[in-house]
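*Asks:*
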């Protein structure tokens with residue numbers, strides 16, 4: 105059966121499609137245009153604040169810009185070859201990878217464990233969350249000074265107290281083997297409370313009827329977690345996995361505040377390595393090159409996350 | 307109709323309100339607007355030091371003339387703030403920087419004004435110590451004047467030395483013997499550390515370069531005539547590592563102590579010595595003072611020369627900071643006037659009275675009677691006077707933070723790789739040599755004053 109369109113042509117179109125194309129599609133396109141216009145100010149702001157400096161940084165990575173002069177010379181890949189030939193770069197990269205492994209395991213496990221326990225504390229969980237969040241909301245400088253001068257200090261604080269009791273307590277930041285873990289411990293202490301709150305919110309979204317059904321079926325605690333809670337919070341876990349991976353390659357503040365990358369580069373990370381080039385040696389081009397490398401490591405998990413999310417949507 | 311009216315009522319009221327406030331805001335502008343503003347950014351000094359600066363510099367300068375109103379901002383991140391501001395052609399009128407190596411790239415990029423004309427007007431060349439004046443030049447033109455001399459020496463606790471029957475050390479052997487004695491008794495051989503500020507390492511690189519490698523060798527290296535891998539320099543780096551590994555630098559707590567902690571331990575009798583820069587006098591005031599009744603327990607002496615063949619005493623020539631004029635300042639004459647105000651004996655005396663350690667103005671001659679000062683200020687004035695005599699006589703070495711180009715300076719901050727055994731002195735200096743050669747080719751080495759040869 106054919107129908108005649110307004111243009112006098114006949115086509116084999118279902119009636120609904122013709123109605124949609126004639127009456128609804130133009131309005132939908134108009135609505136989309138309105139949405140684009142509404143989003144435009146925020147998008148323009150984001151682009152100008154983020155995209156423009158990002159492009160300039162990417163360009164600077166291929167120049168010998170000193171961060172001060174009005175001009176710079178193009179030097180191609182010289183910054184990158186110089187960085188790759190520097191042992192300190194590989195030390196910093198290895199430290200960032202160690203940092204990532206630490207954060208993907210310890211605070212994730214503590215945060216998830218604490219969230220599971222708080223599930224069973226409907227009345228007191230709010231108070232616990234407040235306490236756990238305190239290190240997260242304090243400024244990094246506050247946390248760092250507490251640990252530097254009170255916990256790790258050999259004069260006062262825990263290390264000093266143990267020494268006064270006759271225990272030869274080592275100073276964790278002074279040892280090349282333990283310094284990175286000592287710094288990471290401070291950042292993990294600051295971060296795990298945030299993970300607890302996020303995981304608890306996600307766990308509470310688990311459909312109650314699934315949980316009840318599992319109880320009726322006689323599921324043990326581990327089975328309940330594995331077959332009911334875990335599938336429910338999987339998207340949150342995925343997101344946190346990706347965010348932690350990205351943040352691990354951007355970590356800076358606690359390293360800078362606690363050790364400055366020392367002793368002897370044992371806590372050097374890519375961000376402190378870049379900072380030294382930018383603000384101490386007037387080699388902004390090299391700093392930009394390190395920044396590009398850091399961005400690459402951040403981009404990979406972001407691409408993975410997008411792929412996984414699309415795959416889940418299609419499923 | 308009513309809705310239509312209401313829609314315009316709120317904006318109308320807002321506009322009327324703004325129109326009412328605006329004239330009041332304009333007329334509320336302070337009378338200081340009649341003076342031209344001058345700005346300076348300084349590092350984040352402690353509150354009592356900020357008060358001293360406000361009283362002596364800001365209020366003192368403003369009271370001395372009618373044209374300008376000086377304001378000082380205290381910023382913890384002043385170095386990076388300055389870099390970003392100057393790159394954007396903004397920033398304060400008076401540029402506070404870390405020293406000659408910091409100044410050179412800005413001068414080369416026309417971010418700073420040549421001060422030759424002001425030097426002639428105010429007579430700075432005749433007033434300032436020659437090596438210091440020269441260090442502030444780039445391509446023969448003056449771009450910076452350091453605010454204060456800074457050298458390296460030994461702070462000692464007289465009570466602890468008396469307890470162990472030791473004299474003030476005059477030789478390296480005396481110094482090491484006393485440190486061994488107290489170490490055996492559980493004290494720190496000396497207290498110091500780089501907690502929170504890794505560049506503290508530069509003090510201990512510089513002190514051995516001066517007192518062991520010697521001024522002539524380091525001068526040769528800084529002018530490209532002698533390689534950094536020379537045996538004298540390597541021996542100096544190895545000696546610093548030997549000291550670190552023996553615990554002569556803060557025991558095993560070097561990374562857990564800063565200068566304030568160290569001064570506290572020195573005052574508490576936990577060590578006889580703090581080996582470090584004269585700017586540490588500013589930290590000492592909190593722990594050695596009249597209230598604690600120990601102000602006379604602190605002494606200062608120069609670090610001994612190591613080995614034979616070098617002059618004695620020697621002084622590591624350093625400065626705490628540099629003062630320049632922003633090329634984009636609209637009050638360059640005023641900025642120069644402030645700098646001139648700070649390059650005077652009067653300024654040295656007034657600042658040092660309550661803030662010893664940071665204001666040893668690098669004058670060719672000072673006529674100060676130490677007996678006019680009390681406590682630590684007196685010790686500091688004596689230290690600076692002795693240093694000026696030594697520098698005038700050409701007996702000086704080079705502080706890495708003052709005279710080394712930026713990347714080479716950074717390499718010397720990494721001297722802890724040798725101390726911790728992750729790099730040999732030879733490999734470390736090979737890296738230094740390679741880095742220095744690149745900077746020498748790019749003309750990034752500041753003018754190096756020649757010592758007595």
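Residue numbers (the working numbering), protein chains in the order written: chain A, 105 to 419; chain B, 307 to 759.
Cβ coordinates follow ideal geometry from the N, Cα and C atoms, glycine included.
Since the structure is predicted, the reported quantities are computational estimates derived from the model, not experimental observations.
#1: If you pair each beta-carbon of the stretch 580-590 of chain B with each one of the stretch 517-524 of chain B, do three or more pairs fall below 8 Å?
#2: Considering only residues of the same chain and omitting the five flanking positions on each side of residue 298 of chain A, which have a CB-CB separation below 6 Å?
#3: Would you please verify whether the beta carbon of residue 383 of chain A is less than 8 Å from any beta carbon of chain B?
#4: Which partner residues does residue 379 of chain B have in the DSSP bridge list?
#5: Would residue 275 of chain A pass as an interface residue toward chain B - the criterion being a Cβ-Cβ separation below 8 Å?
#6: Thinking residue 411 of chain B and residue 183 of chain A are a contact (beta carbons under 8 Å), I'd like their distance in whole angstroms, please.
#7: Starting from residue 702 of chain B, trace the beta strand (DSSP E) in both directions and tell me its first and last residue.
#8: Judging by CA-CA distance, which residue of A/383, A/402, A/322, A/399 is the nearest neighbour of residue 715 of chain B?
#9: Tell me whether residue 559 of chain B is buried or exposed, calling it buried when 16 or more other Cβ atoms sit within 10 Å of its Cβ.
#10: Assign residue 167 of chain A to one of three DSSP states: helix, strand, or coil.
#11: Could you check whether the Cβ of residue 170 of chain A sits closer than 8 Å to any Cβ belonging to chain B?
#12: Determine the DSSP secondary structure at residue 395 of chain A, reduced to helix, strand or coil.
#13: Looking only at its chain, what residues have a beta carbon closer than 7 Å to the beta carbon of residue 756 of chain B, apart from the 5 residues adjacent to it on each side?
#14: Is there at least one Cβ from chain B nearer than 8 Å to residue 458 of chain A's Cβ?
#15: In whole angstroms, what separates the C-alpha of residue 404 of chain B from that of residue 220 of chain A?
#16: Just the chain A side, please: which residues come within less than 7 Å of residue 640 of chain B by C-beta, in chain order?
#17: Just list the alpha helix (DSSP H) runs in the stretch 619-677 of chain B, keeping only unbroken ones of 4 residues or longer that don't cross its boundaries, in chain order.
#18: Anyone know if the C-beta pair for residue 358 of chain A and residue 416 of chain A falls short of 8 Å?
#19: Tell me, please, which residues DSSP counts as bridged to residue 251 of chain A.
#20: Could you give the first and the last residue of the continuous beta strand (DSSP E) run that contains residue 607 of chain B?
#21: For residue 309 of chain B, which residues from the same chain have a beta carbon less than 6 Å from its beta carbon, with the 5 sequence-adjacent residues on both sides left out?
#22: Please tell me whether residue 722 of chain B has its Cβ less than 8 Å away from any Cβ of chain A.
#23: Output, in sequence order along the chain, the residues in the stretch 276-307 of chain A whose CB is closer than 7 Å to any CB in chain B.
#24: Among B/703, B/506, B/752, B/619, which has the Cα closest to the Cα of residue 478 of chain B?
#25: If we define contact as Cβ-Cβ less than 8 Å, is residue 592 of chain B a contact residue for chain A?
#26: So, for residue 636 of chain B: in the same chain, excluding its five sequence neighbours on each side, which residues have a beta-carbon less than 7 Å away from its beta-carbon?
#27: Establish whether the CB of residue 751 of chain B and some CB of chain A are separated by less than 8 Å.
#28: Grouping DSSP H, G and I as helix and E and B as strand, with all else coil, what is residue 459 of chain B?
#29: Which value, in whole angstroms, describes the spacing of the CA atoms of residue 178 of chain A and residue 164 of chain A?
#30: Which chain B residues are close to residue 369 of chain A, counting only those with a beta carbon under 8 Å from its beta carbon?
#31: Any idea what DSSP makes of residue 503 of chain B, helix, strand or coil?
#32: Our contact map puts residue 424 of chain B next to residue 431 of chain B with C-beta atoms below 8 Å; I'd like the distance itself, whole angstroms only.
#33: Cβ of residue 258 of chain A less than 8 Å from any chain B Cβ?
#34: Consider the Cβ of residue 386 of chain A: report whether some Cβ of chain C lies at a distance smaller than 8 Å.
#35: Could you have a look at residue 403 of chain B and say whether DSSP puts it in helix, strand or coil?
#36: When you compare only the Cα positions, how much space is there between residue 112 of chain A and residue 146 of chain A?
*Replies:* The short version:
#1: The stretch 580-590 of chain B, when compared against the stretch 517-524 of chain B, does not touch it at the 8 Å Cβ threshold.
#2: Counting only Cβ-Cβ distances below 6 Å, and skipping sequence neighbours, we find 240.
#3: Residue 383 of chain A belongs to the set of residues whose beta carbon lies under 8 Å from a beta carbon in chain B.
#4: Answer by DSSP bridge pairing, in chain order: B/347.
#5: Yes - at least one Cβ of chain B is within 8 Å of the one on residue 275 of chain A.
#6: So it is not a contact: roughly 17 Å between Cβ atoms.
#7: Element bounds for residue 702 of chain B: 702-704.
#8: Taking only the C-alpha atoms, the option nearest residue 715 of chain B is A/383.
#9: That one is buried.
#10: Secondary structure at residue 167 of chain A: strand, using DSSP grouped into helix, strand and coil.
#11: Output row for residue 170 of chain A: interface = yes.
#12: In the structure shown, residue 395 of chain A falls within a helical segment according to DSSP collapsed to helix, strand and coil.
#13: Sequence-distant partners of residue 756 of chain B (beyond 5 residues in either direction) whose C-beta falls short of 7 Å from its own C-beta, in its chain, are 525.
#14: This structure does not reach residue 458 of chain A, given that chain A is present from 105 up to 419, and the question cannot be answered.
#15: Straight-line measurement puts the Cα of residue 220 of chain A at about 53 Å from the Cα of residue 404 of chain B.
#16: Simply none; closest approach about 24 Å.
#17: Within the stretch 619-677 of chain B, the complete alpha helix (DSSP H) runs of at least 4 residues are 638-648, 651-660.
#18: With respect to residue 416 of chain A, residue 358 of chain A sits apart: the two C-beta atoms are not nearer than 8 Å.
#19: Answer is none; residue 251 of chain A lacks a bridge partner.
#20: Unbroken beta strand (DSSP E) run through residue 607 of chain B: 604-608.
#21: Residue placement at residue 309 of chain B cannot be trusted, given a pLDDT of 46 that sits under 50; what the coordinates show is reported in the next sentence. Within the same chain, residue 309 of chain B has no close Cβ partners at all.
#22: Under the 8 Å criterion on CB atoms, residue 722 of chain B is classed as interfacial with respect to chain A.
#23: Across the stretch 276-307 of chain A, CB contacts with chain B closer than 7 Å involve 277, 278, 280, in sequence order along the chain.
#24: Closest option to residue 478 of chain B, Cα to Cα, is B/619.
#25: With 8 Å as the cut-off, residue 592 of chain B does not count as an interface residue toward chain A.
#26: Setting aside the 5 residues that flank it on each side, residue 636 of chain B has no residue in the same chain whose C-beta is closer than 7 Å to its C-beta.
#27: Using a CB distance cut-off of 8 Å, residue 751 of chain B does not count as an interface residue toward chain A.
#28: Residue state, collapsed to three classes: strand.
#29: A straight line joining the alpha-carbon of residue 178 of chain A with that of residue 164 of chain A spans about 9 Å.
#30: Ordered by position in chain B, the residues that pass the 8 Å Cβ test against residue 369 of chain A are 720, 723, 728.
#31: Coil, per DSSP.
#32: So it is not a contact: roughly 11 Å between Cβ atoms.
#33: Contact of residue 258 of chain A with chain B is assigned, a C-beta pair being separated by under 8 Å.
#34: Absence of chain C from the displayed structure is noted, the protein chains being A and B.
#35: Strand at residue 403 of chain B.
#36: Interpretation of residue 112 of chain A is limited by its pLDDT of 43, a score under 50 that renders its predicted location unreliable; the figure taken from the coordinates is listed afterwards. Taking the straight line from one Cα to the other gives about 45 Å.
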